[in-house]
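Protein chains in written order, with the numbering used here: chain A, 11 to 566; chain B, 11 to 566.
Heads up, the beta-carbon is just placed ideally off N, CA and C, and yes, glycines get one too.
Computed from a predicted structure; not experimentally measured.
Next comes the structure, spelled out in structure tokens:
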């Protein structure tokens with residue numbers, strides 16, 4: 011569990027053309043670089059870094075007075091793209107094709123209303139901005155369009171109200187993860203309150219962004235995903251304001267919260283949300299176990315979930331991911347399993363790398379012990395060998411630093427991307443194999459290898475999420491690099507759809523998955539979302555390329 | 011837990027003008043009648059029963075050939091109204107103002123599609139029919155409109171597929187509760203599977219109806235409400251078909267399931283759903299405890315929920331309901347707490363009736379014991395005195411028979427109705443008091459008393475549902491009887507909205523709550539639902555008076 015406030019705060023400045031904050035980083039270990047070189051061959055050479063001196067911004071187009079905002083070129087550039095790999099490639103190379111004409115930072119709901127009404131009237135496109143961490147092209151500006159602004163919600167931040175009796179906190183949508191947990195942790199008696207929503211983007215992403223993309227934190231098994239955590243919200247759109255009160259449950263018609271959650275800025279701008287919070291647990295622990303293989307691990311995870319063991323986190327790495335995590339260290343440190351231990355594991359029936367399983371529990375010390383004992387009993391039946399708390403401690407310590415690794419690898423000419431899906435248990439084995447196969451073959455035309463890691467996470471009684479990390483050699487030419495990424499992305503997304511997985515478990519649709527959206531919800535599903543968008547935003551000025559625009563924007 | 015198949019099945023015939031099946035009943039005990047007479051005065055005389063000989067059906071209007079169906083007058087009458095109190099009053103008195111012109115019973119999705127397209131083309135209104143147990147005017151035909159048909163889904167029934175690994179069962183929307191649990195119980199190895207959705211209407215209501223009204227079963231605390239249980243579904247509308255696949259979770263845009271759940275037939279006809287099922291638990295027990303008072307009971311319930319004690323059911327009756335349930339017996343049996351026990355309770359600090367709390371647990375015998383021990387420890391801290399399993403056993407045995415009591419009381423001139431809401435914990439005390447006050451004063455203009463019982467049920471970490479039962483003397487004149495009901499209903503609904511409760515926790519909006527719907531979701535919320543309805547049903551032929559029609563239909 012992060013210390014509230016850790017890593018966040020407004021004092022540090024965001025890095026342009028990379029993850030996180032200036033001065034932070036997570037360099038790869040020599041072991042990881044060697045592992046990648048064995049899989050992919052030696053890198054082709056470094057990928058360029060962002061150079062402000064070479065940056066030539068397109069001039070900001072004129073905007074009506076009411077939509078005046080920051081036109082600082084670097085501010086505009088910082089709001090032009092999300093954090094997907096092609097975003098980083100273009101930001102670093104200086105080939106971002108379009109910038110917002112201004113960055114607007116409204117102070118309150120009233121100003122959001124005025125701005126959106128003006129934008130609709132004047133035909134100015136508006137892309138809402140929370141933490142800007144979309145990895146699906148969810149906040150990207152495109153060339154050759156109407157004037158467009160980024161609506162940065164950073165001033166709509168902080169705790170507005172706390173109902174301690176009901177465990178309901180109302181916060182501004184622009185509140186980032188660390189500030190949110192810091193405010194809750196300082197509230198109420200004793201240890202304070204916690205939301206418990208910890209996506210990998212936690213240090214940067216915001217409450218409104220989580221809600222708009224139906225995000226899940228890494229401990230969603232215990233705390234719930236954002237769709238369970240958001241009890242009420244305010245959405246402001248050109249057509250008006252939608253205020254959904256926080257009820258514990260309701261049968262008063264369709265649950266409109268779920269139309270707003272996942273709407274990705276298309277239906278309006280979320281300006282605040284009321285979330286379900288709970289007292290900070292006394293203890294949180296993550297136990298590591300090595301399972302003999304992927305099938306045994308899947309069976310163990312399913313059994314734990316269907317037995318209602320109250321875990322807060324469950325992650326199962328496949329053999330390649332386990333090899334990277336345990337044998338060579340994912341990032342800055344070496345292997346976590348020493349050669350001597352390997353001999354013991356062979357005695358226990360684990361001959362290859364095995365599959366690393368992390369199981370987290372939170373609550374009173376007695377409850378945590380009880381949960382981990384129940385978990386260990388199940389895992390032992392499936393051949394698990396306990397690794398104690400060391401792998402979990404390392405994972406917890408580094409989990410918000412992993413995204414920095416991508417920049418450091420790109421510096422060395424290695425491209426890294428992640429993608430994810432979810433499906434019922436019965437489909438997971440074939441789906442995992444199909445996506446892996448599609449990725450491994452995706453760059454065969456270029457004569458290139460793709461190294462693929464996979465883990466299961468966010469499990470449910472009826473299924474789970476699968477999360478893939480891929481590595482391949484990155485050409486130094488930006489267009490070639492983007493094209494290589496797009497080839498892998500197309501291959502993986504096709505395999506997900508063919509394999510019966512959802513387009514996304516927690517990354518969203520954005521503009522990059524939009525061409526496949528109708529395959530998931532059908533023409534009537536698409537028509538329903540389009541009708542809702544038209545009701546809130548008749549002029550169609552809000553984030554017009556996410557969800558419903560079927561054009562392939564992977565290389566845009 | 012009901013025995014699968016208990017009470018259901020197609021062999022018995024539904025009673026016209028009353029609850030349930032011919033030959034079944036639940037007469038009031040002499041003690042209950044005496045309690046009511048003390049509260050309300052002697053009844054004014056019996057309310058008429060339905061007399062088929064006096065029934066004069068309006069002639070069925072001609073329909074296009076493609077919409078031909080049953081025009082049997084009693085079949086049409088049986089599909090004209092739901093099971094709200096004014097429905098019963100009108101059915102019994104023979105004053106139902108409008109009947110469907112035919113009852114259609116499609117055999118499959120293709121026929122539903124053909125019928126809906128034809129109805130939209132021909133301007134024929136369609137009201138989908140599951141179990142017909144709406145208590146919110148959700149399936150009612152109105153006079154003076156276009157030709158109208160009831161679409162009875164009874165043939166779309168039964169288990170279509172079972173994924174045992176994932177715990178996912180696909181069933182026809184017309185499957186009623188007992189048939190559904192019987193099919194699941196007979197599936198898989200061992201004890202079979204269970205959905206665990208047990209609304210009071212369980213013997214009659216159907217999977218499609220539960221989904222269309224966002225229903226909750228009495229054990230939703232353990233199994234989840236229908237919005238958690240439905241993983242996927244098929245919705246057929248004049249504009250086309252919406253197939254939502256069963257994913258464990260997804261961030262691929264808004265969760266459209268939640269637009270269909272609670273749509274009350276307005277967006278289309280649900281023809282099947284895939285639901286999350288689990289193995290039948292080894293044991294299910296309900297423990298009874300008497301709390302000193304309502305505030306102590308509320309505090310205890312909140313503590314149990316916020317401590318994540320894994321109960322399947324939690325109900326807290328206020329003092330009047332406890333008095334009726336324990337001292338005089340709610341139905342056919344006498345008091346459950348003998349006078350000798352009363353002396354003991356006084357010694358333990360419970361001087362009045364106290365507040366009865368029922369707490370249910372399910373699972374392995376060890377898990378059930380553990381849950382009930384944790385529960386007892388919390389309840390004892392709040393002054394609870396254990397009553398053992400006897401009150402829970404009686405409640406379980408009678409829970410699906412309680413609705414029969416309403417008919418038996420009406421035979422004796424006593425009107426009974428129920429209504430419900432939900433709100434955060436912080437608002438519950440004032441909300442309960444406000445609704446009680448509004449109901450008790452509602453018939454003061456007639457010089458009549460209203461006896462009000464209340465219980466808390468369906469609790470959540472952040473709040474709970476409140477469920478009210480009211481009794482008053484029913485005039486024998488049907489119009490006067492409906493007007494008296496409408497006065498009480500208006501008073502209660504106004505108090506719910508003013509007190510910050512939702513219009514409904516599990517009864518839905520229907521046509522009767524529709525005038526208050528905009529107060530809950532605002533004009534933009536209403537506009538979103540209207541836009542969705544227009545996308546699925548541009549001609550507006552589907553159940554046109556539910557949700558969005560603001561006209562007061564309480565006396566229609």
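Checking contacts by CB at 7 angstroms: is residue i closer than that to chain A?
i: residue 252 of chain B; result: yes
i: residue 559 of chain B; result: no
i: residue 542 of chain B; result: yes
i: residue 547 of chain B; result: no
i: residue 309 of chain B; result: no
i: residue 228 of chain B; result: no
i: residue 465 of chain B; result: no
i: residue 538 of chain B; result: yes
i: residue 203 of chain B; result: no
i: residue 530 of chain B; result: yes
Strictly below 9 angstroms CB to CB, what residues from chain A border residue i?
i: residue 320 of chain B; result: 318, 320
i: residue 119 of chain B; result: What residue 119 of chain B touches in chain A: nothing, since even the nearest Cβ is about 14 angstroms away.
Counting contacts by CB-CB distance shorter than 7 angstroms, is residue i in contact with chain B?
i: residue 472 of chain A; result: yes
i: residue 444 of chain A; result: no
i: residue 224 of chain A; result: yes
i: residue 386 of chain A; result: no
i: residue 512 of chain A; result: yes
i: residue 16 of chain A; result: With a pLDDT of only 40 at residue 16 of chain A, under the threshold of 50, the placement of this residue in the model should not be trusted; the figure read from the coordinates follows. No, because no Cβ of chain B sits closer than 7 angstroms to the Cβ of residue 16 of chain A.
i: residue 578 of chain A; result: Because chain A spans 11 through 566 in this model, residue 578 of chain A falls outside it and cannot be assessed.
List, in order along the chain, the chain A residues whose C-beta lies closer than 7 angstroms to that of residue i?
i: residue 403 of chain B; result: Under the 7 angstroms cutoff, chain A gives no residues; its nearest Cβ is about 25 angstroms from residue 403 of chain B.
i: residue 518 of chain B; result: 261
i: residue 435 of chain B; result: 175, 176
How close, in whole Å, do the beta carbons of residue i and residue j come, if the pair is a contact with beta carbons under 8 angstroms?
i: residue 537 of chain B; j: residue 545 of chain A; result: 5 angstroms
i: residue 388 of chain B; j: residue 355 of chain B; result: About 19 angstroms; that fails the 8 angstroms criterion.
Exposed or buried, residue i, counting other C-beta atoms within 10 Å across all chains shown (16 or more means buried)?
i: residue 555 of chain B; result: buried
i: residue 455 of chain A; result: exposed
i: residue 488 of chain B; result: buried
i: residue 361 of chain A; result: exposed
i: residue 451 of chain A; result: exposed
i: residue 548 of chain B; result: exposed
i: residue 23 of chain B; result: exposed
i: residue 557 of chain B; result: buried
i: residue 105 of chain B; result: exposed
i: residue 407 of chain B; result: exposed
i: residue 76 of chain B; result: exposed
i: residue 52 of chain B; result: exposed
i: residue 314 of chain A; result: buried
Can the beta-carbon of residue i be found less than 7 angstroms from the beta-carbon of residue j?
i: residue 268 of chain A; j: residue 265 of chain B; result: yes
i: residue 49 of chain A; j: residue 501 of chain A; result: no
i: residue 181 of chain B; j: residue 172 of chain B; result: no
i: residue 160 of chain B; j: residue 137 of chain B; result: yes
i: residue 257 of chain B; j: residue 512 of chain A; result: yes
i: residue 374 of chain A; j: residue 292 of chain A; result: yes
i: residue 418 of chain A; j: residue 37 of chain A; result: yes
Chain B partners of residue i, CB-CB under 9 angstroms?
i: residue 527 of chain A; result: 262, 263
i: residue 379 of chain A; result: Under the 9 angstroms cutoff, chain B gives no residues; its nearest Cβ is about 14 angstroms from residue 379 of chain A.
i: residue 186 of chain A; result: Here the premise fails: no neighbours, minimum Cβ distance about 19 angstroms.
Given that residue i touches chain A, what residues does it touch there, using C-beta distances under 8 angstroms?
i: residue 288 of chain B; result: 316, 471
i: residue 576 of chain B; result: Only positions 11 to 566 of chain B appear in this structure, which leaves residue 576 of chain B out of reach.
i: residue 555 of chain B; result: What residue 555 of chain B touches in chain A: nothing, since even the nearest Cβ is about 14 angstroms away.
i: residue 400 of chain B; result: Those do not exist, as residue 400 of chain B stays about 28 angstroms from chain A at its closest Cβ, beyond 8 angstroms.
For residue i, go through chain B and note every residue whose CB falls closer than 7 angstroms to its CB, in chain order.
i: residue 440 of chain A; result: Ordered by position in chain B, no residue passes the 7 angstroms Cβ test against residue 440 of chain A, which lies about 12 angstroms from the chain.
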